[in-house]
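At position 10 of the sequence shown (counting the first as 1) the number is 10 in UniProt numbering, and the numbers step up by one without a gap. C-beta: ideal position from N, C-alpha, C; glycine also.
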Amino acid sequence: MNRLKYISHYPEHIQQQAQSLLDQNKLGALLQAKYPKVHTFQSNKALYEYAIAIKNSYMRKSSSLSKVEYSDKISALNALGLHSRISRVHGGKLKAKKEIRIDTRFKQMPLEFLRMIVVHELAHLKEMDHNKAFYQLCEYMEPNYHRYELDLRLYLTCLDYAD
1 MNRLKYISHY
11 PEHIQQQAQS
21 LLDQNKLGAL
31 LQAKYPKVHT
41 FQSNKALYEY
51 AIAIKNSYMR
61 KSSSLSKVEY
71 SDKISALNAL
81 GLHSRISRVH
91 GGKLKAKKEI
101 RIDTRFKQMP
111 LEFLRMIVVH
121 ELAHLKEMDH
131 NKAFYQLCEY
141 MEPNYHRYEL
151 DLRLYLTCLD
161 YAD
């Protein structure tokens, strides 16, 4: 099994540095010192309000969200969060709902990692693909987006390494 599966697509020098820190049992302590506190958005209601506040600050004119919630049915290797568009016929009209689900493990993670994944899923409201415009939108909402994404992947690696 690949012990660096969360960063396997990163450059070799980053993988080597991460492996070295893991081998020396220093990576976890380094991340703990950098991100010492777990966020306080523990309920689905609090998560929804947090996501809507970010959306309203940066994407006021984008589609509305009907639901934002934690889900234990998401595999962190394949996805850290999911966005879905659901269309239903209601009377004679077609109603579209947009929902975001965040992996339940984010309840126990630092705020920076939760913000990164919420920003990522919100960006999908405007850009479906992971293209240049998508990542520009992510960086607009969170200037440290790429730093947090790498650190989150290293954090997940630490969690797997500890098991």
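Rounded to whole angstroms, what is the Cα-Cα separation between P36 and G91? As a working mapping, residue 36 is identified with position 36 in the sequence shown. As a working mapping, residue 91 is identified with position 91 in the sequence shown. Distance between P36 and G91, taken at the CA atoms: about 50 Å.
Here's the rule: buried if 16 or more other CB atoms are within 10 angstroms of the residue's CB, otherwise exposed. What is A51? Here residue 51 refers to the residue found at position 51 when the sequence shown is read from its first residue. So A51 counts as buried.
What do you get for H124, buried or exposed, if any count of 16 or more other CB atoms within 10 angstroms of its CB means buried? Residue mapping note: residue 124 aligns to position 124 of the sequence shown, counting from 1. Here H124 is buried. Its C-beta has 16 or more other C-beta atoms within 10 Å.
Where does the unbroken alpha helix (DSSP H) through A58 begin, and where does it stop? What you label residue 58 is simply residue 58 of the sequence shown in a count that begins at 1. The sequence given here has Tyr at residue 58, not Ala. DSSP places Y58 inside the alpha helix (DSSP H), whose first and last residues are N44 to Y58.
Of the residues S71, A96 and M109, which one's Cα is nearest the Cα of V38? Residue mapping note: residue 38 aligns to position 38 of the sequence shown, counting from 1. Between V38 and the set S71, A96 and M109, the nearest pair of CA atoms involves M109.
Is the Cβ-Cβ distance between V68 and I100 less than 8 Å? Within the sequence shown, the letter at position 68 stands for residue 68. Within the sequence shown, the letter at position 100 stands for residue 100. Cβ atoms of V68 and I100: closer than 8 Å.
Go ahead and pull the three-state DSSP assignment for E121. Taking the first residue of the sequence shown as 1, we reach residue 121 at position 121. The answer is helix: DSSP assigns E121 an H, G or I state.
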